[in-house]
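*Asks:* Chains as they are written, first to last, in our numbering: chain A, 188 to 345; chain B, 188 to 345. Would you mind keeping the following structure in view while I ask a few things?
2 protein chains.
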Amino acid sequence: MKNRNERLMEIRRLIGNRNISSQEELLKILEKQGYEMTQATLSRDLKYLKVAKMPDNQTGYVYILPDKEKVVEEAELSGQGLTGLISLDFSQGMAILKTLPGHASSIAYTLDNLDAYEIAGTIAGDDTILLIPRDGVSQSDLANLLKLRIPGLAKNSE
Amino acid sequence: MKNRNERLMEIRRLIGNRNISSQEELLKILEKQGYEMTQATLSRDLKYLKVAKMPDNQTGYVYILPDKEKVVEEAELSGQGLTGLISLDFSQGMAILKTLPGHASSIAYTLDNLDAYEIAGTIAGDDTILLIPRDGVSQSDLANLLKLRIPGLAKNSE
DNA sequence: ATTTAAAATGCAAATTTATACATTTATTCC
DNA sequence: GGAATAAATGTATAAATTTGCATTTTAAAT
Numbered sequence: 188m189k190n191r192n193e194r195l196m197e198i199r200r201l202i203g204n205r206n207i208s209s210q211e212e213l214l215k216i217l218e219k220q221g222y223e224m225t226q227a228t229l230s231r232d233l234k235y236l237k238v239a240k241m242p243d244n245q246t247g248y249v250y251i252l253p254d255k256e257k258v259v260e261e262a263e264l265s266g267q268g269l270t271g272l273i274s275l276d277f278s279q280g281m282a283i284l285k286t287l288p289g290h291a292s293s294i295a296y297t298l299d300n301l302d303a304y305e306i307a308g309t310i311a312g313d314d315t316i317l318l319i320p321r322d323g324v325s326q327s328d329l330a331n332l333l334k335l336r337i338p339g340l341a342k343n344s345e
Numbered sequence: 188m189k190n191r192n193e194r195l196m197e198i199r200r201l202i203g204n205r206n207i208s209s210q211e212e213l214l215k216i217l218e219k220q221g222y223e224m225t226q227a228t229l230s231r232d233l234k235y236l237k238v239a240k241m242p243d244n245q246t247g248y249v250y251i252l253p254d255k256e257k258v259v260e261e262a263e264l265s266g267q268g269l270t271g272l273i274s275l276d277f278s279q280g281m282a283i284l285k286t287l288p289g290h291a292s293s294i295a296y297t298l299d300n301l302d303a304y305e306i307a308g309t310i311a312g313d314d315t316i317l318l319i320p321r322d323g324v325s326q327s328d329l330a331n332l333l334k335l336r337i338p339g340l341a342k343n344s345e
């Protein structure tokens with residue numbers, strides 16, 4: 188099923204970015220985006236993604252991603268940790284990030300600590316970072332993730 | 188009604204110490220301990236405590252406390268020069284190994300010296316190793332090799 | 001102590017989520 | 001390719017969880 192991975196990524200993205208409090212609610216959003224599926228499949232998807240349902244003061248309940256809290260991540264990012272990042276390129280299914288000399292490893296460290304599903308791993312030299320995406324993650328998935336997290340980044344090719 | 192707080196604390200303790208996968212299950216434990224209550228009250232207690240229900244490989248689902256931190260699992264690999272190895276992932280036909288900070292190059296050195304046919308080469312950053320297999324070596328070949336040499340290693344992708 | 005308001009609980013019903021089973025779709029192996 | 005195998009999905013239903021409402025208990029105030 189070639190759509191499944193894309194769907195899983197989209198579910199992850201949605202849960203990461205908005206407050207969703209039931210499977211029906213999420214299902215409606217997905218249907219508006221053109222995904223055709225039933226609640227049963229969504230239940231299995233959420234299980235596969237290890238998405239938890241947690242009580243929430245505003246909405247009663249929210250779905251949350253298994254990794255660290257996004258609030259913390261974003262706070263870390265907007266503050267610092269990405270200074271020196273210059274550009275982003277894609278090649279061979281991977282992302283190549285250019286930085287100021289000496290900045291690669293600290294930025295790679297920050298990227299690792301996003302704990303983003305999309306990122307399988309990174310390796311940093313002095314001014315270059317090789318970012319290896321997880322299998323099934325498309326170039327645009329990765330681009331979206333990075334653009335979301337790194338506003339203002341110059342993108343060289345797409 | 189005599190001691191709601193005590194009950195709430197006991198619920199927290201139970202969820203923190205054992206794997207509980209449904210309210211009915213938890214209710215039975217509580218009843219055995221002398222608490223008299225219905226599942227509806229338990230549902231409200233869990234909501235009050237912000238206990239989340241998360242998919243789990245063993246039991247299907249587990250309840251988790253809101254502040255429970257993910258413990259980085261330390262593999263006991265000291266006998267093999269592989270201390271600090273955390274996880275193994277596959278992507279783009281290569282293996283990505285995560286290590287504790289600063290441990291990548293020493294582990295990569297150990298891997299090189301396995302002199303395994305399957306391994307064409309390795310590149311180590313600070314806490315990540317990229318392992319490039321020889322042409323014709325499949326992902327499962329590599330997984331078998333590594334599992335053989337590195338018992339107890341957590342595998343992320345599956 | 002009596003009244004009054006707030007909090008906690010049970011019951012039953014509604015809602016939400018998970019799953020057994022059958023079927024379709026993809027993958028693997030000759 | 002085509003058979004065999006595995007994976008993904010839908011349907012229908014079961015299981016689990018939440019909640020509205022009525023009632024009881026606790027706490028607060030006088």
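Even glycine gets a Cβ: it sits at the ideal position worked out from N, Cα and C.
(1) What's the call for Lys285/B, buried or exposed, on a 16-neighbour Cβ count within 10 Å?
(2) Residues bridged to Thr309/A by DSSP?
(3) In this structure, how does DSSP classify Leu252/B when only helix, strand and coil are distinguished?
(4) With distance defined between alpha-carbon atoms, name the residue in Thr228/B, Ser278/B and Lys240/B nearest to Val249/A.
(5) Measuring only the C-alpha atoms, how far is Asn190/B from Pro320/A?
(6) Residues in its own chain within less than 6 Å of Ala295/A by CB, not counting five upstream and five downstream?
(7) Counting beta carbon pairs with one atom in the segment 221 to 241 of chain B and one in the segment 188 to 208 of chain B, are three or more of them shorter than 8 Å?
(8) Taking 8 Å as the cut-off, decide whether the C-beta atoms of Ala307/A and Asp276/B are in contact.
(9) Let me check one thing: in DSSP terms, what residues is Gly247/A bridge-paired to?
(10) Return the chain-ordered list of same chain residues with a C-beta closer than 6 Å to the C-beta of Leu298/B, the five sequence neighbours on each side being excluded.
(11) So, is Gly247/B buried or exposed, given that buried needs 16 or more other C-beta atoms within 10 angstroms?
(12) Going by the CB atoms, is the gap between Asp314/B and Ala291/B shorter than 8 Å?
(13) Exposed or buried, which one is Ile207/B when buried takes at least 16 other CB atoms within 10 Å?
(14) If distances are taken between C-alpha atoms only, which option among Asp243/B, Glu223/B and Ser325/B comes closest to Lys234/A?
(15) Could you please give me the residues that DSSP links to Lys234/B through a beta bridge?
(16) If distances are taken between C-alpha atoms only, which option among Pro253/A, Ser325/A and Gln226/A comes closest to Leu301/A?
(17) Skipping 5 residues on each side, what residues in its chain have a beta carbon closer than 7 Å to that of Glu256/B?
(18) Terminal residues of the continuous beta strand (DSSP E) containing Thr286/B?
(19) Do Leu214/A and Gln226/A have their C-beta atoms within less than 8 Å of each other?
(20) Hey, is Ile283/B's beta-carbon within less than 8 Å of any beta-carbon in chain A?
(21) Please say whether Gly280/A and Gln279/B have beta carbons closer to each other than 8 Å?
(22) So what does DSSP say about Leu301/A, is it helix, strand or coil?
(23) For Ser278/B, name the three-state secondary structure that DSSP assigns.
(24) Could you check which residue in Gly221/B, Asp232/B, Ser293/B and Met224/B has the C-alpha nearest to that of Ile202/B?
(25) So the candidates are Leu333/B, Ile251/B, Tyr222/B and Glu305/B; which of them puts its Cα closest to the Cα of Ser209/B?
(26) Taking only the alpha-carbon atoms, compute the straight-line gap between Gly221/A and Arg194/A and give it to the nearest angstrom.
(27) Can you give me the C-alpha to C-alpha distance between Tyr304/A and Glu223/B, rounded to a whole angstrom?
(28) At the 8 Å Cβ level, is Ile310/B part of the contact set with chain A, yes or no?
(29) Going by beta carbon distance, what residues of the same chain come within less than 7 Å of Leu132/B, once the five residues before and after it are set aside?
(30) In whole angstroms, what is the alpha-carbon distance linking Lys219/B and Arg205/A?
*Replies:* On the basis of the supplied data:
(1) Looking at its Cβ environment, which holds 16 or more other Cβ atoms inside 10 Å, Lys285/B is buried.
(2) Answer is Leu318/A.
(3) Note: Leu252/B maps to coil in three-state DSSP.
(4) Selected option, being the one with the closest Cα: Lys240/B.
(5) Distance between the alpha carbons of Asn190/B and Pro320/A is about 52 Å.
(6) Closer than 6 Å at Cβ, skipping near neighbours: Thr309, Ala311 and Ile316.
(7) Enough Cβ pairs lie closer than 8 Å, so yes.
(8) Yes, these two residues count as a Cβ contact at 8 Å.
(9) Answer is Asp243/A, bridged to Gly247/A.
(10) Closer than 6 Å at the Cβ level, and outside the excluded window around Leu298/B, lie Thr309.
(11) Label assigned to Gly247/B: exposed.
(12) It is a contact, given that the beta carbons lie within the stated cut-off.
(13) By the C-beta density criterion, Ile207/B is buried, having at least 16 other C-beta atoms within 10 angstroms.
(14) It is Asp243/B whose Cα lies nearest to the Cα of Lys234/A.
(15) For Lys234/B, which the question treats as bridged, DSSP gives no partner whatsoever.
(16) Restricting attention to Pro253/A, Ser325/A and Gln226/A, the CA atom closest to the CA of Leu301/A is found in Pro253/A.
(17) Note on Glu256/B: pLDDT 26, under 50, position unreliable in the model; no value is reported.
(18) Counting along the chain, the beta strand (DSSP E) containing Thr286/B begins and ends at Met281 to Thr286.
(19) Their beta carbons are under 8 Å apart, which means Leu214/A touches Gln226/A by this criterion.
(20) Yes, because at least one Cβ of chain A sits closer than 8 Å to the Cβ of Ile283/B.
(21) In contact: Gln279/B and Gly280/A (Cβ atoms closer than 8 Å).
(22) DSSP places Leu301/A in coil when its eight states are reduced to three.
(23) In the structure shown, Ser278/B sits in a strand (DSSP, three-state: E or B).
(24) Ranking Gly221/B, Asp232/B, Ser293/B and Met224/B by Cα distance to Ile202/B puts Asp232/B first.
(25) It is Ile251/B.
(26) Roughly 10 Å between the two C-alpha positions.
(27) The C-alpha of Glu223/B is placed about 43 Å away from the C-alpha of Tyr304/A.
(28) For Ile310/B, the nearest beta carbon of chain A is closer than 8 Å to its own beta carbon.
(29) Outside the displayed span of chain B (188 to 345) sits residue 132/B, for which this structure offers no information.
(30) For Lys219/B and Arg205/A, the distance between alpha carbons rounds to 41 Å.
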